[in-house]
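By the numbering used here, the letter at position 51 of the sequence shown is numbered 44, and the numbering carries on one by one without gaps. First comes the structure, then the notes that go with it.
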Amino acid sequence: MDEGEDGRVEEVRALLGAWLPGVGPGDGDPLGGAVTGLDVPAATASEVADALARLLGTAAPDEVPEPGARLIARVLVVEEHPSAAGWTERQRRSVTELAAVLVARHGEEGVEALVRELRGERRGRG
């Protein structure tokens, strides 16, 4: 991640932290390191990418996600995954791109579907 993107990630994290009741700007980790925002099981980057590909219906979507979708995907999906600390930067970027397409297509419902997929829960038929 380049320095500009890293700064935006920290900016978004601070904004999200400000939205949590009882959390001040100086609070480093409002969740106390106990739980991630996604609360999903550990997984390799390729397992997460495979889950995203299943949800998107293709391993390599033609869409180029907007920067806003990338930022949301990076902060709320990739950085919050419990295994992301062990992923390489290249793996993080790859998962971010797929997650950004999912976010752009389906918004919060897409992220919820990803969480269910990673947990191994059956998706609802609609």
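Just so you know, even glycine gets a beta-carbon here, dropped at the ideal spot from N, CA and C.
DSSP places residue 50 outside both helix and strand once states are collapsed to three, so it counts as coil.
Per DSSP, reduced to three states, the secondary structure at residue 74 is coil, with no helix or strand assignment. Taking a 10 Å sphere around the C-beta of residue 61, we find fewer than 16 other C-beta atoms and assign the residue as exposed.
When DSSP states are grouped into helix, strand and coil, residue 113 belongs to the coil group. DSSP, read as helix, strand or coil, puts residue 59 in coil. At a Cβ-Cβ threshold of 7 Å, residue 71 and residue 77 count as neighbours. The three-state secondary structure of residue 35, taken from DSSP, is coil. Between the beta-carbon of residue 110 and that of residue 49 there is about 11 Å, and that puts the pair past the 8 Å contact cut.
For residue 93, same chain residues with a beta-carbon under 6 Å away, outside a window of 5 residues either side, are 58, 62, 63 and 66 in chain order.
Residue 4 has its alpha-carbon roughly 26 Å from the corresponding atom of residue 42. Residue 35 is positioned such that its CB atom lies closer than 7 Å to that of residue 75.
Spanning the alpha carbons of residue 88 and residue 68 requires a straight line of approximately 12 Å.
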